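Below is one structure, written out as structure tokens; comments come after it.
2 protein chains.
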Amino acid sequence: MNDLALDIKECGSCPIRHRAVCAKCEPDELVLLEEMKFYRTYDAGQPIMWSGDQMDFVASVVTGIATLTQTMEDGRTQMVGMLLPSDFLGRPGRDRAAYDVTAVSNVQLCCFRRKPFEALMANTPHIGQRLLEMTLDELDAAREWMLILGRKTAREKIASLITIIARREAAMQQARAIDGFGFDLPLTREAMADYLGLTLETVSRQISALKKDGVIELQGKRRVSIPDFEALVLETGDDADGGMFA
Amino acid sequence: MNDLALDIKECGSCPIRHRAVCAKCEPDELVLLEEMKFYRTYDAGQPIMWSGDQMDFVASVVTGIATLTQTMEDGRTQMVGMLLPSDFLGRPGRDRAAYDVTAVSNVQLCCFRRKPFEALMANTPHIGQRLLEMTLDELDAAREWMLILGRKTAREKIASLITIIARREAAMQQARAIDGFGFDLPLTREAMADYLGLTLETVSRQISALKKDGVIELQGKRRVSIPDFEALVLETGDDADGGMFA
DNA sequence: CTCTCTGGTTGATCGAGATCAAGGCTGGTC
DNA sequence: GACCAGCCTTGATCTCGATCAACCAGAGAG
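Chains V and Z, in that order, are what the protein sequence lines are.
Heads up: the first sequence begins at 76 in our numbering, then just goes up one per residue.
Heads up: the second sequence begins at 76 in our numbering, then just goes up one per residue.
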């Protein structure tokens with residue numbers, strides 16, 4: 076989060092990222108962005124687009140959470156990305172969606188028609204630079220995720236996911252310490268299973284096990300708090316610094 | 076592979092990617108690149124760098140294959156990337172390696188000192204644009220890989236890996252058809268296991284099984300040929316278009 | 001209030017792949 | 001030649017997580 080293009084920044088009644096472009100944009104670029112933007116909203120659970128769909132816009136997430144998933148012929152699915160506020164959706168230069176995109180919570184997108192956006196990008200280098208930064212962060216996250224998928228046990232996977240969510244949540248709420256910190260899991264058990272390459276039964280069992288062992292505390296099904304963050308990180312199998320969600 | 080920055084292009088005695096920058100660079104940028112470049116070579120099996128190492132250069136692979144791997148405390152490892160000729164190593168703006176990098180075959184790198192390279196990038200937008208393209212391709216490959224790691228059976232994983240290698244090899248050799256096409260596996264059984272999140276025993280068994288079932292043919296331990304590419308793709312569980320290795 | 005639907009939990013069983021273990025093949029060195 | 005070290009294969013057994021199945025809890029809707 077800084078003052079470069081495509082970051083969210085509160086700006087009057089329009090709390091969307093492209094406003095932040097203003098800081099470095101020439102006035103006429105700002106006008107272009109204003110002219111080409113439009114909003115779309117999706118309810119929780121709604122599909123946003125399917126893999127292979129024509130995509131005439133790129134977008135930035137204003138509020139809510141969306142997931143990218145891949146599906147095999149026989150229905151097996153794997154989540155391959157999570158879009159949080161300020162994340163970018165769509166690949167400049169590609170007109171087809173590569174993944175299924177689904178709104179997990181209510182989602183608002185700030186959309187830009189693709190062609191004009193690409194044109195603007197071509198002569199506004201800092202937009203591309205910012206996009207490169209974001210993409211490199213996503214790549215790092217994907218690689219952390221690959222270690223989780225390929226080599227961790229079910230218990231370690233759950234611990235890793237909760238750690239990632241806790242870190243993110245704590246950062247968003249500017250919590251001082253994570254110990255004792257409470258938050259809601261944004262994902263259903265099934266979505267967690269899709270994230271981790273498990274079944275929802277195994278997810279449920281491992282969450283119960285972590286609760287029984289005192290590593291996490293549960294209020295209801297979704298609300299989690301972490302009595303001792305260090306103990307949770309230990310369960311991930313990582314060495315102290317652990318997984319990120321860049 | 077096109078004429079943009081950072082692609083390999085044969086250019087006299089210097090077959091390295093940055094030569095291709097010339098096509099779009101101003102002469103003085105070319106001079107800068109020439110001045111800051113140097114080469115390094117690594118023997119097969121040699122470590123190129125360890126996660127956390129200080130990295131004072133970025134580099135482009137000239138020849139050979141290198142892998143990026145992550146290692147857990149207890150020694151479990153997961154391959155998270157493969158670098159082929161023309162691929163880029165290092166993240167502009169970061170001075171620490173994020174992964175263990177290992178030469179799988181003999182590797183030659185064309186290196187640029189990081190600081191001057193970053194400076195050059197800042198006022199040569201098409202280098203950043205090209206880097207963005209390459210990073211997006213890597214991200215797509217990583218996501219394909221996540222589906223393999225999370226949801227595929229051992230047999231499907233092996234079939235997917237062989238498919239990826241066959242496609243790449245066929246493209247490099249400009250083969251007309253992949254049916255009947257022969258090539259060498261560049262990886263040991265252990266490296267394949269690290270790639271796929273399996274053990275080397277399982278890799279060996281599944282390769283034997285695919286051979287017994289006539290999906291692949293083996294001459295020796297490394298040389299593979301594919302009698303019917305369609306049959307192999309069927310084994311991957313993908314729908315026809317399948318995995319890529321961008 | 002009950003009915004029903006969605007999301008979650010828990011139990012019993014099964015099987016794919018890990019683990020442990022014993023060779024085999026090939027290329028190098030003395 | 002004999003020896004050795006890497007890399008690979010194959011077998012026996014075990015275990016973790018998938019699968020199949022039953023049940024539970026809360027939130028609407030009627």
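Virtual Cβ for every residue (Gly too), placed ideally from N, Cα, C.
Since the structure is predicted, the reported quantities are computational estimates derived from the model, not experimental observations.
Asked: Continuous beta strand (DSSP E) assignments of at least 3 residues falling wholly in the region 160-241 of chain Z; Found: 175-178, 182-188
Asked: Residue environment, residue 302 (chain V), which counts as buried when at least 16 other CB atoms sit within 10 Å; Found: exposed
Asked: Own chain, CB closer than 6 angstroms to residue 133 (chain V), minus 5 neighbours either side, in chain order; Found: 165, 187, 189, 192
Asked: Distance CB(residue 142 (chain V))-CB(residue 179 (chain V)) smaller than 7 angstroms; Found: yes
Asked: Stretch pair the region 209-229 of chain V + the region 209-217 of chain Z: three plus CB contacts closer than 8 angstroms; Found: yes
Asked: Beta-carbon proximity list for residue 154 (chain V), same chain, < 6 angstroms, skipping 5 on both sides; Found: 142, 144, 269, 270
Asked: Within 7 angstroms of chain V by C-beta, residues of the region 126-137 of chain Z in sequence order; Found: none
Asked: Local conformation of residue 309 (chain V) per DSSP, three classes; Found: helix
Asked: Any C-beta of chain Z under 7 angstroms from that of residue 272 (chain V); Found: yes
Asked: Segment contact flag, the region 245-252 of chain Z with the region 276-288 of chain Z, C-beta cutoff 8 angstroms, min 3 pairs; Found: no
Asked: contact_flag[the region 221-232 of chain Z, the region 256-275 of chain V] where n(CB pairs < 8 angstroms) is 3 or more; Found: yes
Asked: 6 angstroms Cβ shell around residue 304 (chain V) - same chain, five flanking residues per side excluded; Found: 253, 254
Asked: Residue 100 (chain Z) versus residue 195 (chain Z) - alpha carbon distance; Found: Any reading at residue 100 (chain Z) must be qualified, since the residue scores a pLDDT of 49, below 50, and its modelled position is unreliable; the value itself is stated next. Whole-angstrom Cα-Cα distance: 11 angstroms.
Asked: Three-state secondary structure (DSSP) of residue 98 (chain V); Found: With a pLDDT of 46 at residue 98 (chain V), under the threshold of 50, the predicted position of this residue should be treated as unreliable, though the coordinate-derived value follows. Correct three-state label for residue 98 (chain V): helix.
Asked: Beta-carbon proximity list for residue 266 (chain Z), same chain, < 8 angstroms, skipping 5 on both sides; Found: 142, 154, 179
Asked: Beta-carbon proximity check, residue 297 (chain Z) vs residue 236 (chain Z), cutoff 7 angstroms; Found: no
Asked: CB contact below 7 angstroms: residue 217 (chain V) versus chain Z; Found: yes
Asked: Proximity below 7 angstroms, CB of residue 172 (chain Z) to CB of residue 126 (chain Z); Found: yes
Asked: CB contact flag (residue 314 (chain Z), residue 148 (chain V), <7 angstroms); Found: yes
Asked: Three-state secondary structure assigned by DSSP to residue 152 (chain V); Found: strand
Asked: Interface residues of chain Z facing residue 151 (chain V) [CB-CB closer than 7 angstroms]; Found: 226
Asked: Among Z:263, Z:231, Z:156, nearest to residue 151 (chain V) - alpha-carbon criterion; Found: Z:231
Asked: Any chain V beta carbon closer than 7 angstroms to residue 110 (chain Z); Found: no
Asked: Spatial distance of residue 112 (chain Z) from residue 293 (chain V) (CA atoms); Found: 56 angstroms
Asked: One or two residues paired with residue 112 (chain V) in a DSSP bridge; Found: V:187
Asked: Residue 157 (chain Z) versus residue 120 (chain Z): straight-line alpha-carbon distance, rounded; Found: 14 angstroms
Asked: From V:163, V:169, V:185, residue whose alpha carbon lies closest to that of residue 110 (chain V); Found: V:185
Asked: Cross-chain neighbours of residue 210 (chain V) in chain Z, by beta carbon under 8 angstroms; Found: 207, 210, 211, 214
Asked: Per DSSP, the bridge partner or partners of residue 117 (chain V); Found: V:182
Asked: Beta-carbon contacts of residue 159 (chain Z) that lie in its chain and below 7 angstroms, excluding the five residues immediately before and after; Found: 136, 140
Asked: Partner residues on chain V for residue 251 (chain Z), Cβ-Cβ distance less than 8 angstroms; Found: Neighbours of residue 251 (chain Z) on chain V: none; closest Cβ ~27 angstroms, over 8 angstroms.
Asked: Chain Z residues whose Cβ lies nearer than 7 angstroms to that of residue 173 (chain V); Found: 215
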